[in-house]
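Notes for the one structure printed next.
Protein chains in written order, with the working numbering: chain A, 4 to 508; chain B, -14 to 307.
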């Protein structure tokens, strides 16, 4: 008997990035398969290939041994494949019941919606999580009034309400509390007994060990191993996930822990808490390059935003030993803190405006009224030279620059203000290798000049190569700190998944 | 994200704010015009309000679906020009019936053009319908370059004078539309409408035919504008190619006062109906209080700003307290 679903040699390319090269998996009815891999290994892309959100460039999809092709999420759903999306698919203005049954409303005489039946069925679904939800959560509660965990549960119920043959849970447990997770696992057990196949994607290794029958490991878009969960030790899986160490373009002389200890502490954070962060304490030294790693969405971005005054927080932040509490980015900027956003098109650049204007946006105030354009132009061109910006001229629009050079403008506009602390939010995402190398040299130089850099990156290799110290975040906490000899990709991957740290080689 | 009681109440009953305002406007009007509730006075008011009510309903449907229709006023003008020239002051009832049918088709056609641009070619709704409004306004002027023409007095008398069981004709028209709306709300199409206006991506992901729903809202709006045009023609009894112009902004005002957010996905048509009545009552009050007409524009604008800002103000006050 053929497996319920088989993916053979799937490939998918997004622009310049090859997200999947050769991914394969098989899953049978009544089985739970854990899909695991490090950042950017292609887990999400593979699940999107299966549920029809993304059309693969190559490879085959076999359902019950027959070739299929899904043009839309709807087609996949008709075939019995249901997904709990990470980006939620609920309409906030509609009620819980309306959302769960959207497009599948029970009808009377084939025309009118049978609200009583709809209500009843919704209550039955909600009772699956009974006891872990607040009591006043009814089918008529609008989704906009729900908390993140409740929305996630509604999303799960919506996915299961179609009685799928295959359920994909993509980080579905991320916002649930432990009781809700346990209930979900009990339910998964029941669904398995009914013959539902489940693909489980999670960043929590303990959950994977608890719930999965089999595993499939992705690395750089390629399936590199699979087997029964009971035969696998966490350490082996981590070894599979970690990419082979390649000689990279990064040449940075790492500061030793002793060097660092001798330096002045520029930034001290005690017990920082936000809606995502759960008590983060950090000390950063002058001229240090502190890496922040871990799987995506573990609170790294929140940490940078909180320091920059862009997100409300509780806790203590000391800048040069003096307590500060920024509630607006302008205050942080005035204290020499700069944040370079990751989404450079959306947050970092005014792409149709001139390079000159973009470089000067944060600094116009320094040029008085009326603006002293001559000096502004001098300063901007000094920065352009320092960054080795390849451009037609300062008056050319930013949109005429290559991706890497545009990224330099994003950083350059903050350098004009001579920041002492530079926060970087995944700066090299979607940047080609040559530009990356140039960017690394720039960072190295900045650190040598005494600028303190906090770098969050989803590129593990880059973090290992650049960081003096590396903090790995997991579930809103610092999972572990890697420095010196323990700064290896294997340790980073292990820490990302919350697995106990391995011995240093 | 706990919602305030006011938010919950307005979620369930989006016309709550409009109802409050209606009571105020109605009381003021009653003081100035004590015979307001007599059948003939009621009728003479409602027959004037009805064109805007019809247009505002169409506008609200588009807005619930996440769009906006700036061309409704011009569609009213086209229909008015069409009827005034084609039926004529001495036209017979069968031509009149045929031309009214044709007017509805024209209205839906104009709406379909809007829908084609917005839903299928994904053009920005404000700009698109603003642009098409000139096409329709031009068409109206082409049909009827100078004010003139008209419809037979028998028809206008029917529209103006019909009172059944003390209630004017307009009430029965509104009741019929509310009935149809209550039916639509209980069909899948009704749910799709709100889902598309609320979060089109999520609706698409779930399998809702987003583009078809968006398209349909513009056709519905065109149909309601045509009905408004017919009512307007029967009210005035004459033709004027610019008669619909003021209805565009008034219909949006009525919909917003009636609890239809510009962001879509919420509201209903009861609110916009009340909103249109409020606008009419304000016009009455101003004429009876014999104040300058610029007050009317001023008060209209003040009310729409208030209606838009009120939820934000309430939240702000609550946050300050909390």
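We put the beta carbon where it would ideally sit given N, CA and C, even for glycine.
All values reported here derive from a predicted model rather than from experimental measurement.
Any C-beta of chain A under 9 Å from that of residue i
| i | result |
| --- | --- |
| residue 324 (chain B) | Since the first residue shown for chain B is -14 and the last is 307, residue 324 (chain B) is missing from the structure and cannot be characterised. |
| residue 243 (chain B) | no |
| residue 177 (chain B) | yes |
| residue 165 (chain B) | no |
| residue 191 (chain B) | yes |
| residue 171 (chain B) | yes |
| residue 54 (chain B) | no |
| residue 260 (chain B) | no |
| residue 76 (chain B) | no |
Close Cβ partners of residue i (< 8 Å) along its chain, the five nearest in sequence each way excluded
| i | result |
| --- | --- |
| residue 246 (chain B) | 48, 252 |
| residue 146 (chain A) | 93, 94, 95, 96, 97, 98, 99, 102, 154, 157 |
| residue 76 (chain A) | 54, 55, 56, 86 |
| residue 197 (chain B) | 104 |
| residue 344 (chain A) | 350, 351, 413, 428 |
Min CB distance residue i to chain B below 9 Å
| i | result |
| --- | --- |
| residue 76 (chain A) | yes |
| residue 80 (chain A) | yes |
| residue 48 (chain A) | no |
| residue 509 (chain A) | Within the shown structure, residues of chain A are numbered from 4 to 508, placing residue 509 (chain A) beyond reach of any answer. |
| residue 403 (chain A) | no |
| residue 115 (chain A) | yes |
| residue 94 (chain A) | yes |
| residue 101 (chain A) | yes |
| residue 73 (chain A) | no |
| residue 124 (chain A) | no |
| residue 88 (chain A) | yes |
| residue 108 (chain A) | yes |
| residue 105 (chain A) | yes |
| residue 118 (chain A) | yes |
Cutoff 6 Å; reference residue i; Cβ partners in own chain excluding five residues on either side
| i | result |
| --- | --- |
| residue 188 (chain B) | 180, 181, 195 |
| residue 213 (chain B) | 36, 39, 40, 61 |
| residue 181 (chain A) | none |
| residue 277 (chain A) | 305, 309, 314, 316 |
| residue 108 (chain B) | 102 |
| residue 335 (chain A) | 311, 312, 329 |
| residue 474 (chain A) | 295, 481, 484 |
| residue 9 (chain A) | 29, 65 |
| residue 143 (chain A) | 98 |
Beta-carbon contacts of residue i that lie in its chain and below 7 Å, excluding the five residues immediately before and after
| i | result |
| --- | --- |
| residue 480 (chain A) | 281, 282, 283 |
| residue 411 (chain A) | 390, 392 |
| residue 261 (chain B) | 34, 37, 38, 41, 239 |
| residue 35 (chain A) | 191, 195, 201, 203, 214, 215, 216 |
Run of the beta strand (DSSP E) containing residue i, from where it starts to where it stops
| i | result |
| --- | --- |
| residue 17 (chain A) | 8 to 17 |
| residue 37 (chain A) | 35 to 40 |
| residue 29 (chain A) | 20 to 30 |
| residue 325 (chain A) | 325 to 327 |
| residue 271 (chain A) | 268 to 276 |
Where the alpha helix (DSSP H) containing residue i begins and where it ends
| i | result |
| --- | --- |
| residue 36 (chain B) | 24 to 49 |
| residue 189 (chain A) | 181 to 196 |
| residue 127 (chain B) | 110 to 128 |
| residue 47 (chain A) | 46 to 53 |
Under the three-state DSSP convention, the category residue i falls into
| i | result |
| --- | --- |
| residue 230 (chain A) | strand |
| residue 209 (chain B) | helix |
| residue 70 (chain A) | strand |
| residue 227 (chain B) | coil |
| residue 196 (chain B) | helix |
| residue 250 (chain B) | coil |
| residue 459 (chain A) | strand |
| residue 225 (chain A) | strand |
| residue 0 (chain B) | coil |
Hey, is the region 16 to 34 of chain A in contact with the region 276 to 291 of chain A, meaning 3+ C-beta pairs nearer than 8 Å? no
Under 9 Å (Cβ pairs) to chain E, residues found in the region 20 to 50 of chain B: Any reference to chain E falls outside this structure, whose protein chains are A and B.
Do the region 214 to 225 of chain B and the region 19 to 30 of chain B make contact, defined as three or more Cβ pairs closer than 8 Å? no
Quick one: any contact between the region 313 to 322 of chain A and the region 476 to 496 of chain A, if contact means 3 or more CB pairs under 8 Å? no
Counting Cβ pairs, one atom from each stretch, are 3 or more of them under 8 Å apart for the region 228 to 237 of chain A and the region 54 to 74 of chain A? no
Tell me whether the region 408 to 423 of chain A and the region 338 to 347 of chain A touch, counting them as touching only if at least three CB pairs, one residue from each stretch, are closer than 8 Å. yes
contact_flag[the region 146 to 161 of chain B, the region 70 to 86 of chain B] where n(CB pairs < 8 Å) is 3 or more: no
Given 8 Å, three or more beta-carbon pairs between the region 438 to 457 of chain A and the region 215 to 232 of chain A: no
Below 8 Å, how does it come out for the region 106 to 123 of chain A and the region 159 to 173 of chain B: are there three or more Cβ pairs, yes or no? Below 8 Å, enough C-beta pairs join the region 106 to 123 of chain A and the region 159 to 173 of chain B to call them touching: three or more.
Is it the case that the region 201 to 215 of chain B contacts the region 119 to 126 of chain A, given that we only count it when at least three CB pairs across the two stretches are under 8 Å? The region 119 to 126 of chain A, when compared against the region 201 to 215 of chain B, does not touch it at the 8 Å Cβ threshold.
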